[in-house]
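Residue numbers (this note's numbering), protein chains in the order written: chain A, 454 to 613; chain B, 454 to 613; chain C, 454 to 613; chain D, 454 to 613. For each residue, glycine too, the CB sits at the ideal point set by N, CA and C. The structure presented is a predicted model; accordingly, all values stated were derived computationally and were not measured. Below: the structure, in structure tokens.
4 protein chains.
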Amino acid sequence: MTVHISSLSSERKVNMLNEIYAYRRKAFYYETDKMGIVHHSNYIRWFEESRVSLLEQAGLPFEVIEAQGVMVPVLSAECRYKFPVGFDEEFAVIPKIENFNGLRFEITYKIVNPDNTVLYAEGKTAHCFVNMNMKPIRTQKKYPEIYDVFNRYVGYEVKL
Amino acid sequence: MTVHISSLSSERKVNMLNEIYAYRRKAFYYETDKMGIVHHSNYIRWFEESRVSLLEQAGLPFEVIEAQGVMVPVLSAECRYKFPVGFDEEFAVIPKIENFNGLRFEITYKIVNPDNTVLYAEGKTAHCFVNMNMKPIRTQKKYPEIYDVFNRYVGYEVKL
Amino acid sequence: MTVHISSLSSERKVNMLNEIYAYRRKAFYYETDKMGIVHHSNYIRWFEESRVSLLEQAGLPFEVIEAQGVMVPVLSAECRYKFPVGFDEEFAVIPKIENFNGLRFEITYKIVNPDNTVLYAEGKTAHCFVNMNMKPIRTQKKYPEIYDVFNRYVGYEVKL
Amino acid sequence: MTVHISSLSSERKVNMLNEIYAYRRKAFYYETDKMGIVHHSNYIRWFEESRVSLLEQAGLPFEVIEAQGVMVPVLSAECRYKFPVGFDEEFAVIPKIENFNGLRFEITYKIVNPDNTVLYAEGKTAHCFVNMNMKPIRTQKKYPEIYDVFNRYVGYEVKL
């Protein structure tokens with residue numbers, strides 16, 4: 454029986470997909486405002502926290518990206534607020550990489566209560582890759598490791 | 454010669470439109486991140502700063518709104534980042550009230566350099582009016598002062 | 454043999470001391486500044502996070518305190534910075550309640566690396582109890598539950 | 454009549470002392486917390502804002518310092534909170550450079566209401582000069598311009 458190396462390799466890649474979990478924590482006191490609930494700007498920060506966690510769990514921590522001289526600025530961010538989060542309430546952020554093409558990608562987010570029965574907010578950020586001079590970078594040829602991780606996790610549904 | 458009270462009154466209102474100016478300040482050190490530029494979440498906060506300034510100049514400070522038991526939560530926020538703002542760089546935020554219907558409104562924003570030749574970012578927030586129990590409020594009947602100010606400044610172009 | 458209820462009860466209280474653990478997390482990207490390290494103001498926020506965690510673990514979450522109409526403002530805060538914390542670096546905050554007298558208390562903090570071999574920073578906050586009108590409150594008579602928890606955990610050394 | 458150049462020059466320097474004004478602005482909405490007042494961590498940030506303003510007015514903006522490869526980290530920070538600042542309330546920060554020795558310096562701060570009749574908070578930060586490798590720097594020989602400005606403004610009382 455003949456086994457094609459390439460299929461093995463692709464199977465191995467599939468097996469190598471780490472399980473990735475939603476990002477969870479509680480809202481801090483200093484994140485609330487005088488309305489008594491978390492200030493809306495902080496959700497944009499929670500998106501980032503979950504993005505960092507997602508990439509870390511995927512085996513490509515931001516530090517590793519930045520150590521290669523690559524930065525990942527935010528091109529746009531948006532959030533729709535559905536239900537307020539109060540002080541010390543636990544939330545989970547569910548990020549999903551979408552529309553990666555080597556040059557740009559988007560991440561969508563849902564912020565939910567711990568058992569995913571209340572949607573607090575949902576949103577999206579768009580990003581590109583740039584070098585230290587803020588010039589856009591195509592990752593496929595120059596940074597195959599980065600390309601590979603994003604490519605494998607496009608559309609990946611994180612576990613709650 | 455007959456003068457209609459109503460027309461006088463409407464003319465008076467037009468004359469009463471305060472001149473409103475763009476919101477200006479410099480970026481703070483603590484607003485930067487390790488990329489060396491202002492962290493993207495802060496633009497959402499700058500939108501709010503300009504919103505507060507806009508309403509204050511329009512004669513309806515947030516405190517006056519909140520003193521009546523009315524809060525103005527954010528339903529959604531979005532920002533597109535065009536050019537990074539660095540530490541201590543001056544910027545102007547140009548807000549514009551849009552689509553006010555007594556119940557909800559939107560504000561669009563441009564963040565520009567002092568002489569308005571560089572667009573740093575642009576975005577939009579959507580808001581509604583709620584009471585202390587977070588129930589939506591129609592302002593037209595119950596809060597005519599609030600209604601009136603928003604209504605007069607819909608589409609108003611602030612001065613730079 | 455006679456057993457005094459009171460001594461039993463006091464013994465039971467001692468046994469009821471929950472184990473409390475240091476507060477741990479990683480530094481967020483947005484907590485860094487253009488120097489490339491965590492901005493010094495955030496350590497003051499980390500103190501608060503650890504304070505909230507300490508009280509929660511002690512069985513007296515802030516929400517429970519505030520639900521009784523009691524607030525715990527900060528009278529003073531101080532921090533000495535020893536070694537910078539970088540993005541995504543894990544740290545532990547070790548809080549200790551000191552000098553509680555029913556009216557006021559202090560908490561000292563050490564921020565260390567995960568295995569407690571590097572001291573990143575140390576500091577102190579002082580607090581009092583006030584009612585919703587910001588008037589100072591003596592907890593011993595009016596809020597014995599609050600008094601009791603603080604009293605039991607004065608000098609308590611949290612586990613790493 | 455003979456005029457010594459050196460005395461002229463020294464006189465000129467004295468005359469060249471810029472007038473420096475207290476730093477003023479209003480508290481932002483997002484700076485408040487659920488207690489309804491400005492979160493205590495933000496005062497530490499206001500200290501920094503006033504420090505930046507002080508040096509800028511003294512003719513030595515932070516960017517100029519950092520452009521020479523010199524950073525000015527915070528060694529310690531402390532704040533005593535006297536009276537809460539509410540949303541949109543104007544405050545002035547009065548910084549004063551103290552104990553400069555070429556290597557280190559301290560700045561004390563008072564945060565007051567606009568006409569300086571209410572003391573909201575007072576505090577102190579300590580700083581040193583370091584190079585990009587975080588090694589301490591003596592400014593007197595290597596960075597005389599930096600040395601000179603700090604030296605001239607030690608003890609200087611800013612105008613309200």
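Asked	Found
Beta-carbon gap between residue 475/A and residue 612/A smaller than 8 Å	yes
Exposure label - residue 540/B; buried when at least 16 CB within 10 Å	buried
Proximal residues to residue 529/C (C-beta, below 6 Å), its chain only, five neighbours per side dropped	579
Residue(s) in a DSSP beta bridge with residue 474/A	612/A
Rounded Cβ spacing between residue 494/C and residue 591/D (contact assumed at less than 8 Å)	Actually they are not in contact, since the Cβ atoms of residue 494/C and residue 591/D sit about 27 Å apart, beyond 8 Å.
Beta-carbon gap between residue 559/C and residue 552/C smaller than 8 Å	yes
8 Å Cβ cutoff, residue 593/C in contact with chain B	no
Environment of residue 536/B [buried if 16+ CB atoms lie within 10 Å]	exposed
Any chain C beta carbon closer than 8 Å to residue 580/B	no
Coarse secondary structure for residue 485/B, derived from DSSP in three states	strand
Under 7 Å by beta carbon: chain A residues contacting residue 540/D	487
Min CB distance residue 468/B to chain D below 8 Å	In this prediction, residue 468/B has a pLDDT of 49, which is less than 50 and means its spatial position is unreliable; nothing more can be read from the coordinates.
Straight-line Cα distance separating residue 524/C from residue 462/D	Confidence in residue 462/D is poor, its pLDDT being 45 and thus under 50, which makes the residue's placement unreliable; the coordinate value appears in the next sentence. Spanning the two alpha carbons is a distance of roughly 58 Å.
Beta carbon proximity, residue 531/A to chain B, threshold 8 Å	yes
Integer Cβ distance of residue 548/B from residue 534/B, believed to fall under 8 Å	About 17 Å; that fails the 8 Å criterion.
Within chain D, partners of residue 498/C - CB distance below 8 Å	494
Contact under 8 Å by Cβ, residue 481/B with residue 546/B	no
Per-residue DSSP class, three states only, for residue 587/A	coil
Cut-off 7 Å between Cβ atoms - residues of its own chain near residue 486/B, not counting five sequence neighbours on either side	492
Expected contact under 8 Å - CB spacing of residue 556/A and residue 597/A to nearest Å	Actually they do not touch by this definition, with Cβ atoms about 14 Å apart.
Partners in chain B for residue 483/C, counting only beta-carbon separations shorter than 8 Å	486, 492, 494
Those residues which DSSP pairs with residue 531/C across a bridge	577/C, 531/D
Helix, strand or coil at residue 597/D [DSSP, three-state]	helix
Helix, strand or coil at residue 545/C according to DSSP, with G and I counted as helix	strand
Straight-line Cα distance separating residue 601/A from residue 468/A	Per-residue confidence for residue 468/A stands at a pLDDT of 49, beneath the threshold of 50, marking its modelled position as unreliable; the derived number appears in the next sentence. Residue 468/A and residue 601/A: Cα-Cα distance of roughly 14 Å.
Closer than 8 Å to chain B by CB, residue 611/D	no
Test item: CB-CB of residue 515/D and residue 507/D under 8 Å	no
Selection from 554/D, 573/D, 585/D that minimises the alpha carbon distance to residue 594/D	554/D
Among 582/C, 583/C, 550/C, the one whose alpha carbon lies nearest that of residue 610/C	550/C
Contacting residues, own chain, Cβ-Cβ under 6 Å from residue 543/C (five flanking each side not counted)	479, 567
CB contact below 8 Å: residue 558/B versus chain D	no
N-terminal and C-terminal residue of the beta strand (DSSP E) that residue 565/A is part of	557 to 565
Integer-rounded CB distance, given that residue 489/A should sit under 8 Å from residue 532/A	The Cβ separation is near 19 Å, so there is no contact.
Coarse secondary structure for residue 572/D, derived from DSSP in three states	strand
Chain G within 8 Å of residue 551/C, Cβ atoms only	In the structure shown, chain G cannot be found, because the protein chains are A, B, C and D.
C-alpha gap between residue 527/C and residue 599/A, whole angstroms	45 Å
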